[in-house]
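Input: a single structure, listed below in structure tokens.
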Amino acid sequence: MAGLRLPIESHVLQAFVSEAIKPLIPGVMTFGAGHFYVSQSDKGGLVFGGDIDGYNSYAQRGNLPVVEDVCEGGMALIPMIGRVRLLRQWGGIMDMSMDGSPIIDKSPVDGLYINAGWCYGGFKA
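Heads up, the sequence shown is in the working numbering, so the first residue is 2 and it goes up one at a time.
Take a look at the structure:
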């Protein structure tokens, strides 16, 4: 629309939710080496995810190798979640830079600022 080319690619990031369990996780837990994050919803379900799909795509469906990889990372951190049943899974499109660093800058277009390529996280509190 503005005629700018940015060094970002679109990838699918999958997320999962489990059946409800008793309170286990009071906040957000991340496991960087295992590419895994998890939090617990108010209804008790574990909401978790991990690494991106290994190829660029606009398809919002997941694939089994990523499901297995994310679950493996989760069980390395919290072994008991291997007994929890998954209820659903979904994928969302995420635009990211090659190194995962955001691109924040003023553009050559007057009044247009760029804030893109954030990889997984965006701003964190």
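Here a beta-carbon is modelled for each residue, glycine too, at the ideal position from N, C-alpha and C.
Per DSSP, L65 is one residue of the alpha helix (DSSP H) stretching across L65 to L78.
Considering only S58, G74, S102 and S19, the residue with the shortest C-alpha distance to R84 is S19.
For the options L7, Y59, L25 and Q61, the alpha carbon positioned closest to that of P80 is the one of L25. With contact defined as three or more Cβ pairs closer than 8 Å, the segment 98 to 107 and the segment 67 to 74 are not in contact.
Within its own chain, the residues whose Cβ lies closer than 6 Å to the Cβ of V110, once the five positions on either side in sequence are excluded, are A3, listed in chain order. About 16 Å separates the beta carbons of Q15 and G46, which is beyond the 8 Å limit, so they are not a contact pair.
Within the segment 11 to 66, complete alpha helix (DSSP H) segments of at least 4 residues are not found at all. For A117, the enclosing beta strand (DSSP E) covers residues Y114 to A117. For G33, there are no CB contacts under 8 Å within the same chain when 5 residues up- and downstream are skipped.
The C-beta of V29 has fewer than 16 other C-beta atoms within 10 Å across all chains shown, which makes the residue exposed.
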